[in-house]
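**Q** Our numbering puts the first residue of the sequence shown at 631, with every later residue one more than the last.
Shown below is the structure under consideration.
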Amino acid sequence: MAADEPLVLGIETSCDETGVGIVRGTTLLADAVASSVDTHARFGGVVPEIASRAHLEAMVPTIERALKEAGVSARDLDGIAVTSGPGLAGALLVGVSAAKAYAYALGKPLYGVNHLASHICVDQLEHGPLPEPTMALLVSGGHSSLLLAPDITSDVRPLGATIDDAAGEAFDKIARVLDLGFPGGPVIDRLAKEGDPAAIAFPRGLTGPRDAPYDFSFSGLKTSVARWIEAKRAAGEEVPVRDVAASFQEAVVDVLTRKAVRACKDEGVDHLMIGGGVAANSRLRALAQERCERAGIRLRVPRPKLCTDNGAMVAALGAEMVARNRLPSDLELSADSSLPVTEPHVPGAAHGHAHTHDHDHVHEISKDNLYS
631 MAADEPLVLG IETSCDETGV GIVRGTTLLA DAVASSVDTH ARFGGVVPEI ASRAHLEAMV
691 PTIERALKEA GVSARDLDGI AVTSGPGLAG ALLVGVSAAK AYAYALGKPL YGVNHLASHI
751 CVDQLEHGPL PEPTMALLVS GGHSSLLLAP DITSDVRPLG ATIDDAAGEA FDKIARVLDL
811 GFPGGPVIDR LAKEGDPAAI AFPRGLTGPR DAPYDFSFSG LKTSVARWIE AKRAAGEEVP
871 VRDVAASFQE AVVDVLTRKA VRACKDEGVD HLMIGGGVAA NSRLRALAQE RCERAGIRLR
931 VPRPKLCTDN GAMVAALGAE MVARNRLPSD LELSADSSLP VTEPHVPGAA HGHAHTHDHD
991 HVHEISKDNL YS
């Protein structure tokens, strides 16, 4: 870790995690997280308004905790990065507003960055600089995407994405049908280890010869599993929860890894990075490793804590922006719930790079209006 490498603080509030990370170059100094997941559990999913209020309450203490953990002063920072999209509009707005306030007060450059690109860049903190291009499979509660990134700071190309339910969303819904609580991913992963993945032949969506080769669909699988469970209950039979969990999980990770390896082969890329919350799934990691080794592809997966939403990933991408002299954002930076992955960051309009596309923005909304 060189002293002249950029020292950047990153803020992540796209969903229910208030994450603040600090990195110097590609070295992680602090990763502070305040989660509101327990508050959402009784509703069976994330409630946007509750998430926004939780971010508001946690923001300053989490930033102070990260600075203390890193052993640095806010004035030492070379930049402040924040997730400006995609995500929940109100939740994003809290993080963007905080980042703008700190950047203005400290006189530091501000970088509004893309949540999905950040999930790719976080791997630098674990395995060193990203290869160029990088092939990434991102799987989370809101996204299932195959992305090719020749330059993580300026050139990210979508090859495929979910056309309905994302993988993590399917895990949560099946867990709800099985009365396993929220979030569903960890408990299904745990139960699946005691079940038979071949017990039930659940469908593999979009794997036919005429289907889009890199797109994902888990809605049909979710419906199939739910109906199978309902039929068992209607017949008065006991549902084999562990076998259902294992068979469902296998159907998801089979499709994810199969399409990811195919994309690597088709694009001539000899490595695969997997990120996002579902990347913490043990079966996904094991099957990806097995198939990558067979295909001569090097697999890069960050440790589970860095796969879920966190501030470290935002700081990592921010540090890369500083290192590559990318234009910072200006103080008119908006939270954009639909920010496309093709925009890894949002350079300021004052620099002649106005941020324009056909998505709705969340502009200047007062806290009084948002939280009343």
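Ideal Cβ positions, reconstructed from N, Cα and C, are used throughout, including at glycine.
So, for Glu-699: in the same chain, excluding its five sequence neighbours on each side, which residues have a beta-carbon less than 6 Å away from its beta-carbon?
**A** So the qualifying residues of the chain are Ala-660.
**Q** Taking Ala-623 as the reference, which of Gly-720, Asp-706, Gly-811, Thr-669 has the closest Cα?
**A** Missing from the structure shown is residue 623; the chain here goes from 631 to 1002 and no further.
**Q** Among Thr-692, Leu-722, Met-943, which has the Cα closest to the Cα of Lys-664?
**A** One point to set straight first is that residue 664 is Ala, not Lys, in the sequence displayed. Nearest option by C-alpha distance: Thr-692.
**Q** Start and end of the alpha helix (DSSP H) containing Arg-654?
**A** Per DSSP, Arg-654 belongs to no alpha helix (DSSP H); it is in the beta strand (DSSP E), 647-654.
**Q** Nearest by alpha-carbon distance to Gly-640: which of Thr-713, Ala-822, Glu-824, Ala-890 is it?
**A** The shortest C-alpha separation from Gly-640 is found at Thr-713.
**Q** Suppose you measure from the CA of Ala-766 to the CA of Gly-866; what does that come to, to the nearest Å?
**A** Going from the Cα of Ala-766 to the Cα of Gly-866 covers about 44 Å.
**Q** In the structure shown, what three-state DSSP assignment does Glu-635 receive?
**A** Coil at Glu-635, not helix or strand.
**Q** If you draw a straight line from the alpha carbon of Lys-803 to that of Gly-720, how long is it in whole angstroms?
**A** Cα to Cα, Lys-803 sits roughly 24 Å from Gly-720.
**Q** Please name the residue in Phe-832, Val-883, Tyr-844 whose C-alpha comes closest to that of Gly-850.
**A** Comparing Cα positions, the closest option is Phe-832.
**Q** Of all the beta strand (DSSP E) runs that stay within the bounds of the region 686-715, which reach a length of 3 or more residues?
**A** The region 686-715 contains these whole beta strand (DSSP E) runs: 709-715.
**Q** With H, G and I counted as helix, E and B as strand and the rest as coil, what does DSSP make of Asp-841?
**A** Reduced to three states, the DSSP call for Asp-841 is coil.
**Q** By Cβ distance below 8 Å, which residues in the same chain neighbour Leu-746 in space, the five residues on each side in sequence not counted?
**A** The residues are Pro-716, Leu-768, His-773, Ser-775, Leu-777, Val-786, Val-971.
**Q** Ignoring anything shorter than 4 residues or poking outside the region 725-788, list the alpha helix (DSSP H) runs there in chain order.
**A** 745-751, 754-757, all fully within the region 725-788.
**Q** By a C-beta neighbour count over all protein chains shown, 10 Å radius and 16 as the cutoff for buried, is Glu-642 buried or exposed?
**A** Label assigned to Glu-642: buried.
**Q** Is the beta carbon of Gly-948 sitting closer than 8 Å to the one on Gly-709?
**A** Result yes, Cβ atoms of Gly-948 and Gly-709 sit closer than 8 Å.
**Q** Under three-state DSSP, which class holds Asp-661?
**A** In this structure, Asp-661 counts as strand in the three-state DSSP scheme.
**Q** What residue ranges within the region 870-899 form continuous alpha helix (DSSP H) runs of no fewer than 4 residues, ordered along the chain?
**A** With a minimum length of 4 residues, the continuous alpha helix (DSSP H) runs that stay inside the region 870-899 are 871-897.
**Q** Taking the Cβ atom as the reference point for each residue, do Gly-811 and Val-817 lie within a distance shorter than 8 Å?
**A** Taking 8 Å as the Cβ cut-off, Gly-811 and Val-817 qualify as a contacting pair.
**Q** Flag this pair as yes or no: are the beta carbons of Val-885 and Arg-834 separated by less than 8 Å?
**A** Yes. Within cutoff.
**Q** Can you round the beta-carbon distance between Ala-876 and Ala-829 to whole angstroms, since I take them to be within the 8 Å contact cut?
**A** So it is a contact: roughly 7 Å between Cβ atoms.
**Q** In three-state terms, what does DSSP make of Ala-796?
**A** Ala-796: coil per DSSP, three-state reduction.
**Q** If you check the beta carbons only, do Asn-911 and Val-952 fall under 8 Å apart?
**A** No. Outside cutoff.
**Q** Residues in the same chain with beta-carbon distance under 6 Å from His-981, minus the five sequence neighbours each way, listed in chain order, please.
**A** At His-981 the pLDDT is 47, less than 50, meaning the model places this residue with poor confidence and gives no usable figure here.
**Q** Quick one: what does DSSP say Gly-790 is sitting in, helix, strand or coil?
**A** Three-state DSSP puts Gly-790 in a strand.
**Q** Buried or exposed for Arg-913, going by 16 or more other Cβ atoms inside 10 Å?
**A** Classification for Arg-913: buried.
**Q** Who are the Cβ neighbours of Pro-739 in its own chain at under 6 Å, not counting the five residues just before and after it?
**A** Counting only Cβ-Cβ distances below 6 Å, and skipping sequence neighbours, we find Gly-709, Pro-958.
**Q** Touch check for the region 670-683 and the region 747-754: three-plus C-beta pairs under 8 Å?
**A** The region 670-683 vs the region 747-754: no contact.
**Q** I'd like to know whether the C-beta of Leu-917 is nearer than 8 Å to at least one C-beta of chain C.
**A** Structure shown: chain C not included; a single protein chain is present.
**Q** Considering only C-alpha positions, which residue in the set Leu-917, Val-931, Ala-916, Glu-897 is nearest to Gly-907?
**A** Cα-wise, what sits closest to Gly-907 is Val-931.
**Q** Taking DSSP's pairing of strands, which residues face Glu-642 in a bridge?
**A** Gly-649, per the DSSP bridge assignment.
**Q** Give the secondary structure of Gly-720 by DSSP, where H, G and I count as helix, E and B as strand, and everything else as coil.
**A** Looking at Gly-720 - three-state DSSP - the assignment turns out to be helix.
**Q** Starting from the N-terminal side, write out each stretch of the alpha helix (DSSP H) that is 4 residues or longer and does not extend beyond the region 812-837.
**A** Qualifying alpha helix (DSSP H) stretches, in chain order: 814-822.
**Q** Does DSSP classify Arg-915 as helix, strand or coil?
**A** In this structure, Arg-915 counts as helix in the three-state DSSP scheme.
**Q** Report yes if the CB atom of Ala-946 is closer than 8 Å to the CB atom of Cys-645, and no otherwise.
**A** Contact: no.
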